[in-house]
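*Asks:* Everything in the sequence shown is counted per this note's numbering, starting at 36 for the first residue and increasing by one.
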Amino acid sequence: DYLLRRTNHILFMRDTLDEVKAGVVAAMTDYFGWDEAQKTAYVEEMDQVIAESDLTALKGGK
Numbered sequence: 036d037y038l039l040r041r042t043n044h045i046l047f048m049r050d051t052l053d054e055v056k057a058g059v060v061a062a063m064t065d066y067f068g069w070d071e072a073q074k075t076a077y078v079e080e081m082d083q084v085i086a087e088s089d090l091t092a093l094k095g096g097k
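Dropping the structure here:
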């Protein structure tokens with residue numbers, strides 16, 4: 036949600052998304068007190084949203 040709605044990185048700044056996503060996840064993990072399972076679940080959800088935005092499935096997984 037943060038990278039999609041709050042910063043628009045997923046839609047409009049895709050070229051810098053890979054540079055910032057690890058830092059955003061680390062900051063949110065600390066702030067919200069996520070355990071490893073929660074962090075993993077949120078990262079998987081984020082990766083799915085990114086793949087959908089990148090049209091990965093339509094491009095044959097490339």
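The beta carbon of each residue, even a glycine, is placed where N, CA and C say it ideally should be. A quick note: this is a predicted structure, and the numbers were derived from the prediction, not measured.
For L46, count the other beta carbons within 10 Å of its own beta carbon; 16 or more makes it buried, fewer makes it exposed. Which is it?
*Replies:* Exposed, since its Cβ has fewer than 16 Cβ neighbours within 10 Å.
*Asks:* In whole angstroms, what separates the C-alpha of F67 from that of S88?
*Replies:* So the alpha carbons of these two residues sit roughly 26 Å apart.
*Asks:* Under 8 Å Cβ to Cβ from G78, same chain only, skipping five residues before and after it: list those, please.
*Replies:* Correcting the residue type first, residue 78 is Val in the shown sequence and not Gly. Within the same chain, V78 has close Cβ partners V60.
*Asks:* Which residues bound the alpha helix (DSSP H) around T64?
*Replies:* T64 -> alpha helix (DSSP H) spans 49-67.
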